[in-house]
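1 is the number of the first residue of the sequence shown in UniProt numbering; add one for each residue after it.
Glycine included, every Cβ here is placed at the ideal spot set by N, Cα and C.
Presented below is the structure to which this report refers.
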Amino acid sequence: MALHFGKRESEQAKPLNSGLNSGVNPQQRYGAGSSNNVAQPLNAPSGYTPEASTASKSAAGQTNEGGSKLTVGPNIKLKGVEITDCDTLVVEGLVEATMDSRVIQIAEQGAFKGSAEIDIAEIHGVFDGNLTVRQKLVIYASGKVTGKIRYGKVVIEEGGQLSGDIECSVATSATKSASSATSSKPSMALAA
Numbered sequence: 001m002a003l004h005f006g007k008r009e010s011e012q013a014k015p016l017n018s019g020l021n022s023g024v025n026p027q028q029r030y031g032a033g034s035s036n037n038v039a040q041p042l043n044a045p046s047g048y049t050p051e052a053s054t055a056s057k058s059a060a061g062q063t064n065e066g067g068s069k070l071t072v073g074p075n076i077k078l079k080g081v082e083i084t085d086c087d088t089l090v091v092e093g094l095v096e097a098t099m100d101s102r103v104i105q106i107a108e109q110g111a112f113k114g115s116a117e118i119d120i121a122e123i124h125g126v127f128d129g130n131l132t133v134r135q136k137l138v139i140y141a142s143g144k145v146t147g148k149i150r151y152g153k154v155v156i157e158e159g160g161q162l163s164g165d166i167e168c169s170v171a172t173s174a175t176k177s178a179s180s181a182t183s184s185k186p187s188m189a190l191a192a
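Right under this line is the structure:
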């Protein structure tokens, strides 16, 4: 399932009742009068088939890896939410949230403030808060990450900024068992 806040796909915006016969009693529009009738909107566009519509909806909601994707478009603010069951979050506006996901992609004009536990982070914009990246954190030249940061691997392009309480602490189970026998995990603090 894909949710897009502030973005329009190729389809033009239509009024909610477009394509329906407004002269028909609302209870009759969807076959409410008979138990044998299948609910169908009246005056469906020519060439419309329910199977084609369902296939296009499911394909639109898939990321390249086959999971769900949430896009918060430019100039959109999404505040005070918990984002769950989302494989990829694309931030082009402002998000203030808590999330546990697989991938976060923050565009150059995008900003995320809050807490995130994810596998992969690609930061072109701004992240401020608690960030735990189980696998790989990538900060591009225009990216800025501040707060309490934990990561497995990190890549910072020239110009990218990382500051706050930073720790390379997310490890695989084999690395965890080996490191527990030696010493505590390394920690470093960087400032911009």
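Sheet register partners of residue i (DSSP bridge)
{"i": "isoleucine 106", "result": "Val91 and Ile123"}
{"i": "alanine 141", "result": "None; alanine 141 has no bridge partner."}
{"i": "asparagine 130", "result": "Ser115 and Lys148"}
{"i": "cysteine 86", "result": "Paired residues: none, contrary to the question."}
{"i": "glutamine 161", "result": "Lys144"}
{"i": "isoleucine 156", "result": "Ile139"}
Other residues of its chain near residue i: CB distance less than 8 Å, five sequence neighbours each side excluded
{"i": "methionine 99", "result": "Glu82, Ile83, Thr84, Cys86, Leu89, Gly114, Ser115, Ala116, Glu117 and Ile118"}
Same chain, Cβ closer than 6 Å to residue i, five either side skipped, listed in chain order
{"i": "glycine 159", "result": "Ala141"}
{"i": "glycine 129", "result": "Lys113, Gly114, Ser115 and Gly147"}
{"i": "glutamine 105", "result": "Val90 and Glu122"}
{"i": "isoleucine 120", "result": "Val103, Gln135 and Lys136"}
{"i": "leucine 94", "result": "Lys77 and Ala111"}
Whether residue i touches residue j by CB criterion (8 Å)
{"i": "lysine 153", "j": "lysine 136", "result": "yes"}
{"i": "glutamate 92", "j": "glycine 110", "result": "yes"}
{"i": "valine 145", "j": "leucine 162", "result": "yes"}
{"i": "alanine 97", "j": "glycine 125", "result": "no"}
Exposed unless 16 or more other CB atoms sit within 10 angstroms - verdict on residue i
{"i": "asparagine 155", "result": "Looking at the sequence provided, one finds valine at residue 155 rather than asparagine. Looking at its Cβ environment, which holds fewer than 16 other Cβ atoms inside 10 Å, valine 155 is exposed."}
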